[in-house]
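S.K.:
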DNA sequence: CCCACACGCGAGAGCGCTCTCACCTCCCCC
DNA sequence: GGGGGAGGTGAGAGCGCTCTCGCGTGTGGG
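Residue numbers (full-length UniProt numbering), protein chains in the order written: chain L, 1 to 341; chain Y, 1 to 341.
#1: Any idea which residues DSSP pairs residue 105/L with across the strands?
#2: Whose CA, out of 188/L, 175/L and 73/L, lies closest to the CA of residue 134/L?
#3: Are there three or more Cβ pairs, one per stretch, closer than 8 angstroms when the stretch 191-198 of chain L is compared with the stretch 216-226 of chain L?
#4: Starting from residue 300/L, follow its DSSP beta bridges and name the residues at the other end.
#5: Can you find a CB in chain Y that lies within less than 8 angstroms of the CB of residue 54/L?
#6: Closest Cβ-Cβ distance between residue 328/Y and chain L: below 8 angstroms?
#7: Give the straight-line distance between the Cα atoms of residue 150/L and residue 123/Y, rounded to the nearest whole angstrom.
#8: If you count every other CB in all the chains shown that lies within 10 Å of the CB of residue 126/L, and 16 or more means buried, which is it?
#9: Using the rule of at least 16 other Cβ atoms within 10 Å of the residue's Cβ for burial, across every protein chain shown, is residue 206/Y buried or exposed?
#10: Measure the beta-carbon distance from residue 272/L to residue 293/L and round it to whole angstroms, keeping in mind my assumption that it falls under 8 angstroms.
#11: Quick one: which residues of the stretch 86-97 of chain Y get their C-beta closer than 8 angstroms to a C-beta of chain L? List them in chain order.
#12: Expressed to the nearest angstrom, what Euclidean distance is found between the alpha-carbon atoms of residue 326/L and residue 266/Y?
#13: Which residues in the same chain have their Cβ closer than 7 angstroms to the Cβ of residue 94/Y, if we skip the five residues on either side of it in sequence?
#14: Excluding five sequence neighbours on each side, which residues of the same chain lie with their C-beta closer than 8 angstroms to the C-beta of residue 12/L?
#15: Checking contacts by CB at 8 angstroms: is residue 288/Y closer than that to chain L?
#16: Does any residue of chain Y bring its CB to less than 8 angstroms from the CB of residue 119/L?
#17: Nearest chain Y C-beta to residue 133/L closer than 8 angstroms, yes or no?
#18: Residue 170/L: which of 156/L, 261/L, 210/L and 318/L sits nearest, CA to CA?
#19: Quick check on this structure: which residue in 69/Y, 341/Y, 259/Y and 108/Y has the alpha carbon closest to the alpha carbon of residue 101/Y?
#20: Which same chain residues, not among the five before or five after residue 27/Y, have their C-beta less than 6 angstroms away from its C-beta?
#21: Expressed to the nearest angstrom, what Euclidean distance is found between the alpha-carbon atoms of residue 10/Y and residue 316/L?
#22: In the DSSP assignment, find the unbroken alpha helix (DSSP H) run with residue 202/L in it and report its ends.
#23: Which of the residues in the stretch 259-281 of chain L, read from start to end, lie with their CB under 8 angstroms from any CB of chain Y?
#24: Whole angstroms is fine: what's the gap from residue 79/Y's alpha carbon to residue 303/L's?
#25: Between the alpha carbons of residue 223/L and residue 251/L, how many angstroms are there, rounded?
#26: Can you tell me the Cα-Cα spacing of residue 177/Y and residue 144/Y, whole angstroms?
#27: Along the chain, which unbroken stretches of the alpha helix (DSSP H) at least 4 residues long are found entirely within the stretch 137-178 of chain Y?
#28: Quick one: using the 10 Å Cβ neighbour count with 16 as the cut-off for buried, is residue 334/Y buried or exposed?
#29: Do the stretch 274-291 of chain L and the stretch 257-264 of chain L meet, that is, are 3 or more Cβ pairs less than 8 angstroms apart?
#30: Please name the residue in 166/Y, 139/Y and 140/Y whose C-alpha comes closest to that of residue 152/Y.
#31: Tell me residue 130/L's beta-bridge partners as DSSP assigns them.
#32: Who are the Cβ neighbours of residue 342/Y in its own chain at under 8 angstroms, not counting the five residues just before and after it?
#33: Closer than 8 angstroms, Cβ to Cβ, to anything on chain L: give me those residues from the stretch 103-114 of chain Y, in chain order.
#34: Alpha carbon to alpha carbon, what distance is there between residue 60/Y and residue 332/L?
#35: Would residue 46/Y and residue 131/Y qualify as a contact pair, given that the criterion is a beta-carbon distance under 8 angstroms?
#36: Once DSSP output is grouped into helix, strand and coil, what is the label at residue 65/Y?
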């Protein structure tokens with residue numbers, strides 16, 4: 001079983017095809033500058049021997065790995081409660097695969113891991129990194145920049161010193177929030193509340209900002225800080241109903257919180273959307289379509305976001321490319337109207 | 001930016017410490033057989049120079065990569081609708097990290113990718129593979145076995161020729177289903193229905209089998225085939241109510257389907273659990289806790305499953321270990337009682 | 001006091017590949 | 001018909017590391 005079959009080397013292929021190693025190498029790497037009959041002979045030898053290049057040997061000399069690290073910080077919280085990162089990974093994977101790059105996944109758990117990740121990235125195992133760091137005070141972005149490896153961030157990172165050149169991809173959290181709130185206003189609602197996410201995350205902060213853009217003059221009691229979870233949404237909704245029993249609309253910072261709010265509203269006998277209209281954020285399908293009534297929410301194209309991150313990184317990695325990547329890309333969101341508002 | 005700082009080599013460290021390359025190598029790899037003062041000198045030189053071993057060079061000679069591939073087949077369907085794989089990945093990642101192994105993620109999309117994955121695995125980039133393949137007729141397991149690389153499967157794979165030696169880790173789907181159905185029976189329910197998952201997946205087939213173990217004599221009309229989605233759960237529930245309006249309990253093959261069933265029951269004015277008791281499977285938190293009433297369901301420890309898969313693989317990879325890993329590990333499930341049954 | 005042996009350390013080969021450079025052919029043009 | 005060039009091919013060095021082997025030093029026993 002552990003019988004490692006002696007894999008054929010370039011040398012072996014060369015011998016079989018009756019050419020030099022250099023020629024085989026040329027053929028294997030695209031075949032420019034080799035005459036057709038030889039190409040054919042080499043191809044056949046490769047085929048017959050089942051030759052596969054040794055990546056380690058190749059990397060040793062080229063100093064390329066055709067591999068990209070994806071760093072996901074602090075998965076304990078939000079990450080694994082929803083398909084967000086899975087979708088993102090899928091987008092990233094597709095793009096990387098299309099360009100023959102591998103995806104090395106680095107999940108970090110707490111501060112201890114930071115050093116490990118930094119060391120790995122600095123260790124030259126990968127050509128670049130895609131980093132998801134949700135928290136404003138996360139030291140990881142700084143560490144990674146120190147590693148001196150091309151990096152693209154997922155989500156707007158918190159601002160640190162010397163962050164001007166940071167490349168990131170984010171959804172238009174602020175614009176999406178504005179659209180959600182305007183939709184509620186357009187329904188004639190006048191007492192629109194906002195259940196926020198954890199405000200140490202840029203996405204939550206940006207959504208709150210969007211809410212304020214439209215309802216800057218709102219009663220401060222209509223804004224309740226929460227945590228992106230159903231339980232948190234429930235608590236926030238109860239608080240809201242206690243503070244302002246006349247509330248007639250809620251914009252929750254994500255679908256999970258909205259689902260909690262919905263449950264409290266029903267429990268308290270408020271009809272949705274007749275008495276209170278509810279809008280979520282994310283369009284996390286199993287949740288948004290699973291609530292009763294189904295949730296009106298703001299959709300972000302997560303998979304596309306992943307794809308663009310990968311594309312941006314690959315562009316920076318490509319030595320041939322004209323090197324002027326945008327610093328940040330903000331993807332549009334769309335309002336998905338279902339039954340709750 | 002692309003200014004690749006010339007990374008220090010073993011040679012450089014050796015020169016600085018005034019020893020030979022061999023000695024530095026020994027120290028870096030554990031330091032056995034090197035006297036303390038020298039170890040100290042080398043350590044300092046490493047520190048000062050910020051030396052990090054070149055993994056490519058090392059792999060070239062050791063033929064080890066300290067990297068494991070995680071292959072997830074057909075992510076289009078179930079995979080990305082729920083946190084299942086994310087949790088699994090987390091478990092895997094933790095275990096691999098603890099043993100200084102890297103995780104290379106391979107997501108496949110349709111048949112074309114199979115060849116790519118097989119080539120990659122056969123290409124000797126990784127030491128082993130963890131493979132998730134849900135479908136009975138998936139050709140991937142066969143291809144991978146052909147690649148001759150140590151592999152552990154997640155979930156019981158469908159049976160192919162020569163599968164005796166397959167190592168896999170799975171939840172006790174059958175036992176969990178039995179427990180769910182017995183719980184319903186213990187509640188005094190006599191007309192217990194089952195909404196299945198897609199029966200070409202072993203997990204769904206095993207859950208059905210568990211149902212049959214307890215209710216082998218049930219009216220066949222009480223079993224409706226479905227697809228693990230909320231929409232599918234809705235359709236199945238409607239069908240069920242049409243066939244047997246007197247149904248008083250439903251065991252849905254997963255939480256998503258259960259959430260759909262719940263919605264139909266409410267819509268049709270059946271009280272849960274009074275009129276109809278409902279049990280799900282998975283304990284997918286955002287769903288199970290997000291339904292109304294909250295879902296009684298069968299929990300599987302997904303993260304642990306990932307961890308065990310990784311552990312099993314690492315054990316097979318470890319040349320020093322006494323080599324007798326179990327062929328299959330089946331993890332217990334537990335019934336989580338909430339409001340729906 | 002000398003020999004045997006173990007242990008610590010260095011020299012050097014070689015892992016499989018790419019890439020430069022020199023050579024050799026063949027063709028075109030004067 | 002000969003010289004120059006372009007393009008195709010091979011030889012060989014070297015990427016950074018590990019590992020075997022042999023030598024030198026220190027220790028214990030006869």
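For each residue, glycine too, the CB sits at the ideal point set by N, CA and C.
M.R.: Walking through what the data contain:
#1: Looking up residue 105/L in the first chain gives position 105. Its beta-bridge partners are 70/L and 103/Y.
#2: Numbered from 1 along the first chain, position 134 holds the residue referred to as residue 134/L. Of the listed residues, the one whose Cα sits closest to residue 134/L is 73/L.
#3: yes
#4: Taking the first residue of the first chain as position 1, residue 300/L is located at position 300. BP columns for residue 300/L point to 333/L.
#5: Position 54 of the first chain, counted from the start, is the residue given in the question as residue 54/L. Residue 54/L counts as touching chain Y.
#6: The count along the second chain starts at 1 and reaches residue 328/Y at position 328. Output row for residue 328/Y: interface = no.
#7: Taking the first residue of the first chain as 1, we reach residue 150/L at position 150. Taking the first residue of the second chain as 1, we reach residue 123/Y at position 123. Rounded to the nearest angstrom, the two C-alpha atoms are 27 angstroms apart.
#8: In the first chain, the residue the question calls residue 126/L occupies position 126. With 16 or more other Cβ atoms within 10 Å, it is buried.
#9: Counting from one through the second chain, the residue named residue 206/Y turns up at place 206. So residue 206/Y counts as buried.
#10: On the first chain, position 272 is the one that residue 272/L refers to. On the first chain, position 293 is the one that residue 293/L refers to. That belief holds up - the Cβ atoms of residue 272/L and residue 293/L are roughly 6 angstroms apart, short of 8 angstroms.
#11: 86, 87, 89, 90, 93, 94 and 97
#12: The residue you call residue 326/L lines up with position 326 of the first chain. The residue you call residue 266/Y lines up with position 266 of the second chain. Rounded to whole angstroms, residue 326/L to residue 266/Y spans 51 angstroms at the Cα level.
#13: Translated into the one-based positions of the second chain, residue 94/Y becomes position 94. Excluding residues within five positions, the ones whose Cβ falls inside 7 angstroms are 307.
#14: By one-based count along the first chain, residue 12/L stands at place 12. Counting only Cβ-Cβ distances below 8 angstroms, and skipping sequence neighbours, we find 49 and 51.
#15: Within the second chain, the letter at position 288 stands for residue 288/Y. No, residue 288/Y lies away from the interface with chain L (no Cβ there is under 8 angstroms from its Cβ).
#16: By 1-based counting over the first chain, the position of residue 119/L is 119. For residue 119/L, the closest Cβ of chain Y is nearer than 8 angstroms.
#17: By 1-based counting over the first chain, the position of residue 133/L is 133. Output row for residue 133/L: interface = no.
#18: Mapped onto the first chain, residue 170/L falls at position 170. It is 156/L.
#19: Within the second chain, residue 101/Y is the residue found at index 101, counting from 1. Among 69/Y, 341/Y, 259/Y and 108/Y, the Cα nearest to that of residue 101/Y is on 69/Y.
#20: Within the second chain, residue 27/Y is the residue found at index 27, counting from 1. Closer than 6 angstroms at Cβ, skipping near neighbours: 34, 39 and 42.
#21: As a working mapping, residue 10/Y is identified with position 10 in the second chain. As a working mapping, residue 316/L is identified with position 316 in the first chain. Using only the alpha carbons, I get a separation of about 30 angstroms.
#22: The sequence position of residue 202/L within the first chain is 202, counting from 1. Run containing residue 202/L: 202-215, per the alpha helix (DSSP H) assignment.
#23: Cβ contacts with chain Y come from 259, 260, 263 and 266.
#24: Here residue 79/Y corresponds to residue number 79 of the second chain, with the count starting at 1. Here residue 303/L corresponds to residue number 303 of the first chain, with the count starting at 1. Because residue 79/Y sits at a pLDDT of 48, beneath the cut-off of 50, its placement in the model cannot be relied upon, and the point is left open.
#25: Here residue 223/L is taken as the residue at index 223 of the first chain, counted from 1. Here residue 251/L is taken as the residue at index 251 of the first chain, counted from 1. Approximately 10 angstroms, taken between the alpha carbons.
#26: As a position in the second chain, residue 177/Y is number 177, starting the count at 1. As a position in the second chain, residue 144/Y is number 144, starting the count at 1. Residue 177/Y and residue 144/Y: Cα-Cα distance of roughly 31 angstroms.
#27: For secondary structure counted as the alpha helix (DSSP H) over 4 or more consecutive residues, the stretch 137-178 of chain Y holds these complete runs in sequence order: 140-146.
#28: Translated into positions along the second chain, residue 334/Y becomes position 334. Residue 334/Y is exposed by the Cβ-count criterion.
#29: yes
#30: On the second chain, position 152 is the one that residue 152/Y refers to. Residue 152/Y has its Cα closest to that of 166/Y, out of 166/Y, 139/Y and 140/Y.
#31: Your numbering for residue 130/L matches position 130 in the first chain. 70/L and 152/L.
#32: The question about residue 342/Y has no answer here: the residues shown for chain Y are numbered 1 through 341.
#33: 103, 104, 105, 106, 107, 109 and 113
#34: Indexing the first chain from 1 puts residue 332/L at position 332. Indexing the second chain from 1 puts residue 60/Y at position 60. Near 46 angstroms, if we compare the C-alpha coordinates of residue 60/Y and residue 332/L.
#35: Here the question's residue 46/Y lines up with position 46 in the second chain. Here the question's residue 131/Y lines up with position 131 in the second chain. Contact: no.
#36: One-based indexing of the second chain puts residue 65/Y at position 65. Assignment of residue 65/Y by DSSP, reduced to helix, strand and coil, places it in the coil class.
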